[in-house]
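Chemist:
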Amino acid sequence: MKLLTFIKLLSKGLLLKDEWSRYYLAEKLFNVIYPKIKISEFGNIYYEDMEFQTYYRDFVGDNFHSYDRKFTLMNLLKIVTHLSGNYAECGVFQGATAYLIANAMQNNEKLFLYDTFEGLSEPSQEDGIYWSKGDLSAGIDFVKTRLKQFKTIEYKQGLIPIRFKENEETRFKFVHVDVDLYQPTKDSIEFFYDRLVKGGLLICDDYGFKSCPGAKKAFDEVMQTKSENIIFLPTGQAFIIKE
269 MKLLTFIKLL SKGLLLKDEW SRYYLAEKLF NVIYPKIKIS EFGNIYYEDM
319 EFQTYYRDFV GDNFHSYDRK FTLMNLLKIV THLSGNYAEC GVFQGATAYL
369 IANAMQNNEK LFLYDTFEGL SEPSQEDGIY WSKGDLSAGI DFVKTRLKQF
419 KTIEYKQGLI PIRFKENEET RFKFVHVDVD LYQPTKDSIE FFYDRLVKGG
469 LLICDDYGFK SCPGAKKAFD EVMQTKSENI IFLPTGQAFI IKE
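Okay, so the sequence shown: first residue is 269 according to my numbering, each after it adds one.
1. Do M373 and L379 have their CB atoms nearer than 8 Å?
2. Just mark L297 as buried or exposed, buried being the case when its beta carbon has 16 or more other beta carbons within 10 Å.
3. Below 8 Å on the Cβ atoms is my guess for L351 versus P391; work out the distance and round it to an integer in Å.
4. Considering only DSSP beta bridges, list what C264 is partnered with.
5. Let me make sure I understand the geometry here. Which of N435, D383, Y335, I430 has the alpha-carbon closest to that of Y315?
6. Using the beta-carbon count (16 or more within 10 Å), is I499 buried or exposed?
7. For E511, which of T493, G467, R290 has the nearest alpha-carbon?
8. Go ahead and label T322 buried or exposed: buried means 16 or more other beta carbons lie within 10 angstroms of its beta carbon, across all protein chains shown.
9. On the CB-based measure, 16 or more other CB atoms within 10 Å of its CB, does W288 come out buried or exposed?
10. With contact counted as at least three CB pairs below 8 Å, one residue from each stretch, are the stretch 355–368 and the stretch 442–460 in contact?
11. At 4 residues or longer, and completely inside the stretch 328–355: list those alpha helix (DSSP H) runs for me, N to C.
12. Classify Q505 as buried or exposed, calling it buried when 16 or more other Cβ atoms lie within 10 Å of its own Cβ.
13. In the DSSP assignment, the alpha helix (DSSP H) including Q425 goes from what residue to what residue?
14. Between which two residues does the alpha helix (DSSP H) holding F298 run?
15. Hey, how far is the Cα of V465 from the Cα of L293?
16. Where N354 and S400 are concerned, what is the direct C-alpha to C-alpha distance, given to the nearest angstrom?
17. Which parts of the stretch 434–505 are runs of the beta strand (DSSP E), unbroken and 3 residues or longer, counting only runs that do not cross its ends?
18. On the CB-based measure, 16 or more other CB atoms within 10 Å of its CB, does K441 come out buried or exposed?
19. Please report the distance separating the alpha-carbon of G387 from that of Y423.
20. For the putative contact between L344 and I471, defined by C-beta atoms under 8 Å, what is the C-beta separation to the nearest angstrom?
21. Could you check the C-alpha separation between G267 and D317 for me, to the nearest Å?
22. Determine the DSSP secondary structure at F418, reduced to helix, strand or coil.
23. Cβ of I508 within 8 Å of Cβ of M491?
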């Protein structure tokens, strides 16, 4: 970019607050600093969803690392509204995703939340070195307070898969697996796959991240013997639709 062009864009962007000029400058600067990441199209209207933005700031704050994933999940929930079945989440953390799921429930549908509420279990060799035992800890009382408006949530505190046996006869239409590590991811997918109704969704939040190699390995291994294809999203999430 020529210096004169840069100065003109900088003037329009900062002084006149021209949105496109500011975006263009930010994109060029980003490409210089970290060219590995490709910036998407200007003017994506999902950034203008103020209701979602308010929810996100209330639950997550100013860390926008999972903004696109939560927006995607909120919309994926619409796929299963016509189905019969319940909801489950493995790996709850501070309850931000559980809120979106609970908010989508109808009638007497239930949401089962499985977590130690004391942080991650011990990582295995498949998980690399990014995570440590106890990471991502959020107490169950804190989560219950955040989700107190929802009356059909059942909390299943304990290491995965210990509490799964309590729901062996339950059928699910939407399952969100966000446990970061190999073994609990594999245990979760193996258990819920067999209890997912036709057309139901099973999502792995950690599938596409280098920090969670075990999660991808677990999902791939389980689905090797199944007929469904894993759908990998640019957000890092992956999911299947039960056939």
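Every residue, glycine too, gets a C-beta built ideally from N, C-alpha and C.
As the structure is a computational prediction, the values presented were derived from the model and not from experiment.
Modeler: Quick look at the numbers:
1. Yes, the Cβ-Cβ distance between M373 and L379 is below 8 Å.
2. With a threshold of 16 other beta carbon atoms within 10 Å, L297 falls short and is exposed.
3. P391 and L351 do not touch by the CB rule: their CB atoms are close to 35 Å apart, not below 8 Å.
4. Past the boundaries of the shown model lies residue 264; the chain is included only from 269 to 511, so the question cannot be answered.
5. Of the listed residues, the one whose Cα sits closest to Y315 is Y335.
6. Flag for I499 reads exposed.
7. Nearest C-alpha to E511: G467.
8. Looking at its Cβ environment, which holds fewer than 16 other Cβ atoms inside 10 Å, T322 is exposed.
9. Counting the other CB atoms within 10 Å of its CB gives W288 a total below 16, which places it among the exposed residues.
10. With the cut-off at 8 Å, the stretch 355–368 and the stretch 442–460 touch.
11. List check, alpha helix (DSSP H) in window: 335–344.
12. Q505 counts as buried, since no fewer than 16 other beta carbons sit within 10 angstroms of its beta carbon.
13. Annotation for Q425: no alpha helix (DSSP H) segment contains it, though the beta strand (DSSP E) segment containing it runs 421–425.
14. Looking at the DSSP string, the run of the alpha helix (DSSP H) that includes F298 is 287–301.
15. Near 48 Å, if we compare the C-alpha coordinates of L293 and V465.
16. About 32 Å.
17. Taking only runs of at least 3 residues, the beta strand (DSSP E) segments lying wholly in the stretch 434–505 are 440–445, 464–472.
18. By the neighbour-count rule (16 or more Cβ atoms within 10 Å), K441 is buried.
19. Approximately 15 Å between the Cα atoms of the pair.
20. Confirmed, Cβ separation roughly 7 Å.
21. Any answer about residue 267 is impossible in this case: the structure gives the chain only from 269 up to 511.
22. F418 falls in the coil class under three-state DSSP.
23. Result yes, Cβ atoms of I508 and M491 sit closer than 8 Å.
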